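Residue numbers (the UniProt record's numbering), protein chains in the order written: chain A, 1 to 183; chain B, 1 to 145. Idealized CB from N, CA, C, for every residue including glycine. From a predicted model like this one, the values you see are computed outputs, not experimental measurements. Below: the structure, in structure tokens.
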Amino acid sequence: MNLIVFTILAMLAATAVTVARIRDLWAAIMFTGIYSFLSASWMLILDAPDVAFTEAAVGAGISTVLMLSTLVLVGPSDAGRRKPALVPLTVVTITGCALVYGTLDMPHFGDPNDPIHLHPRPSFVEKSQVDMHGLPNVITSVLASYRGYDTLGETTVVLTAGIAVLLILRKEKDEPEREAVSQ
Amino acid sequence: MIAFPIIRVVTKLLIPYILLFGFYVQFHGDFGPGGGFQAGVILAAALILYGLVFGLQAVQRVVPAWAVEKMMALGVLIYAGTGITTILLGGKFLDYEVLDHHLLPGILPHGQHLGIFVVELGVGITVTAVMTMIFYTFAGRKHVL
Chain A
1 MNLIVFTILA MLAATAVTVA RIRDLWAAIM FTGIYSFLSA SWMLILDAPD
51 VAFTEAAVGA GISTVLMLST LVLVGPSDAG RRKPALVPLT VVTITGCALV
101 YGTLDMPHFG DPNDPIHLHP RPSFVEKSQV DMHGLPNVIT SVLASYRGYD
151 TLGETTVVLT AGIAVLLILR KEKDEPEREA VSQ
Chain B
1 MIAFPIIRVV TKLLIPYILL FGFYVQFHGD FGPGGGFQAG VILAAALILY
51 GLVFGLQAVQ RVVPAWAVEK MMALGVLIYA GTGITTILLG GKFLDYEVLD
101 HHLLPGILPH GQHLGIFVVE LGVGITVTAV MTMIFYTFAG RKHVL
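Right under this line is the structure:
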């Protein structure tokens with residue numbers, strides 16, 4: 001178990017460094033796909049199949065396709081190797097150290113005394129079976145029933161994002177048609 | 001893509017199973033992992049795969065762009081409409097208890113379960129439509145795919 005976790009985490013780190021270093025954009029996109037797939041596998045080990053589904057479909061699938069179609073529009077190669085930037089490197093290193101220092105205060109993984117296991121009292125889990133007439137999936141009952149408003153908001157956000165993409169990207173497609181009509 | 005028969009054949013073989021898995025995640029979400037968000041993305045992935053291999057024109061013959069635009073809003077309408085329905089039936093907004101009924105017991109789910117089912121369906125429709133629409137607009141920008 002631990003062997004698999006550490007292997008996946010090491011591969012994640014290696015992939016992330018590769019994505020940052022590689023200059024060929026096509027290869028970088030493939031590596032981000034690999035990164036998403038590895039994190040999906042890791043989510044599965046953490047018993048979060050919902051998140052794993054989403055990560056595999058969105059991260060490894062659809063966003064790879066979208067980045068590739070962007071690549072077709074902008075061209076396959078980076079502008080060139082930039083100068084080594086010392087100031088950003090220092091800032092990133094210090095921030096990284098601060099974040100690692102911050103994790104020392106966090107509760108251990110799977111600790112039953114975690115605030116997250118105590119604070120929204122376990123009542124959701126205990127009452128769900130009764131409230132939902134025996135619906136076994138607590139995640140679904142929390143998502144769609146106990147927090148139905150929240151999910152309605154999320155769905156509206158998805159719709160709004162879709163409309164925004166539509167408004168920004170479709171403009172160019174409409175213009176030649178208008179020109180054709182005016183001619 | 002006419003020059004790649006293996007990709008075309010494998011895609012045709014894969015798409016039914018992707019769709020089946022998407023519908024399973026959608027309609028089994030109350031019992032197992034999954035739900036509208038995940039199912040929507042998986043269904044959209046099937047459409048996008050078809051569009052990638054057979055071209056934008058082919059996939060837009062299956063699901064035309066105007067239908068996808070309508071479906072984006074339809075999902076949210078289904079979700080919010082469920083809330084309005086529960087108000088009209090005398091409950092609070094999204095209070096699924098009032099949806100309880102004695103029609104066809106054993107076939108139609110009861111109260112809470114029915115509400116969750118309908119609401120997840122709304123989420124699934126919106127997510128499928130938005131993902132597909134984003135692909136359509138990206139791919140249609142220079143007719144490259």
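Buried versus exposed call for residue i [16 or more other C-beta atoms within 10 Å across all chains shown]
i, result
"A:E55", "buried"
"A:F31", "buried"
"B:T126", "buried"
"A:G96", "exposed"
"A:L89", "exposed"
"A:A98", "exposed"
"A:V100", "exposed"
"A:E126", "exposed"
"A:A52", "buried"
"B:I7", "exposed"
"B:T128", "buried"
"B:Q26", "buried"
"A:G110", "exposed"
"A:A85", "exposed"
"A:V158", "buried"
"B:V130", "buried"
"B:L99", "buried"
"B:T137", "buried"
"A:G102", "exposed"
Assigned secondary structure, residue i (DSSP; H/G/I helix, E/B strand, else coil)
i, result
"A:D24", "strand"
"B:L43", "helix"
"A:L46", "coil"
"B:L108", "strand"
Distance, residue j Cα to residue i Cα
i, j, result
"A:S123", "A:D131", "11 Å"
"A:H133", "B:P109", "10 Å"
"A:I45", "A:V5", "8 Å"
"A:G148", "B:T85", "14 Å"
"B:Y96", "B:I87", "10 Å"
"B:F11", "B:T132", "Just to set this straight, residue 11 of chain B is Thr in the shown sequence, not Phe. Their backbone Cα atoms lie some 17 Å apart in a straight line."
"A:N137", "B:A39", "16 Å"
"B:F31", "B:A3", "44 Å"
"A:L129", "A:H108", "Sequence inspection shows Gln at residue 129 of chain A; the Leu mentioned does not correspond to that position. Answer to the nearest angstrom: the Cα atoms are 29 Å apart."
"B:T82", "B:Q112", "12 Å"
"A:V19", "A:K83", "18 Å"
"A:L166", "B:M72", "11 Å"
"A:L3", "A:L9", "10 Å"
"A:P112", "B:V123", "33 Å"
"B:F54", "B:G22", "21 Å"
"B:V68", "A:A40", "28 Å"
"B:V9", "B:L56", "18 Å"
"B:P64", "B:G51", "12 Å"
"A:I139", "A:L104", "29 Å"
"B:Q60", "A:G59", "24 Å"
"B:L89", "A:L135", "23 Å"
"A:I163", "A:S63", "18 Å"
"residue 147 of chain B", "B:P5", "Given that chain B is displayed from residue 1 to residue 145, the structure contains no residue 147 of chain B and the question cannot be resolved."
Cβ-Cβ separation, residue j to residue i (assumed contact under 8 Å), whole Å
i, j, result
"A:A161", "B:V41", "No, A:A161 and B:V41 are not in contact; Cβ-Cβ is about 13 Å, not under 8 Å."
"A:L71", "A:I116", "About 40 Å separates the two Cβ atoms, so there is no contact after all."
"A:A144", "B:I116", "4 Å"
"A:V65", "B:F135", "7 Å"
"B:I78", "B:L121", "6 Å"
"A:T156", "B:V76", "6 Å"
"A:Y35", "A:T7", "In fact, because the Cβ distance is near 15 Å, the residues do not count as touching under 8 Å."
Option in the options with minimal Cα separation from residue i
i, options, result
"B:H28", "A:D111, A:D50, A:A98 and A:L68", "A:D50"
"A:G61", "A:S77, A:K83 and A:L38", "A:L38"
"A:S77", "A:A27, A:D150 and A:M11", "A:A27"
"A:L68", "B:H113, B:I48, B:L121 and B:E120", "B:I48"
"B:G34", "A:S141, A:I163, A:V158 and A:G153", "A:S141"
"B:I18", "B:D30, B:V9 and B:L43", "B:L43"
"B:L20", "B:W66, B:A46, B:G32 and B:E69", "B:A46"
"A:L73", "B:P5, B:A139 and B:M71", "B:A139"
"B:L94", "A:I139, A:D105, A:P112 and A:D150", "A:D150"
"A:G153", "B:V59, B:A80 and B:V130", "B:A80"
"B:V119", "B:T137, B:R141, B:L74 and B:G90", "B:L74"
"A:G75", "A:A13, A:L159, A:R23 and A:Y146", "A:R23"
"B:H101", "B:L114, B:K70 and B:W66", "B:L114"
"A:Y146", "B:K70, B:T137, B:K92 and B:P16", "B:K92"
"A:M43", "A:V17, A:L25 and A:L12", "A:L12"
"B:R141", "A:I168, A:L118 and A:H119", "A:I168"
Residue i Cβ short of 6 Å to the ligand ADP heavy atom set
i, result
"B:G90", "This structure lacks the ligand ADP, and indeed carries no ligand of any kind."
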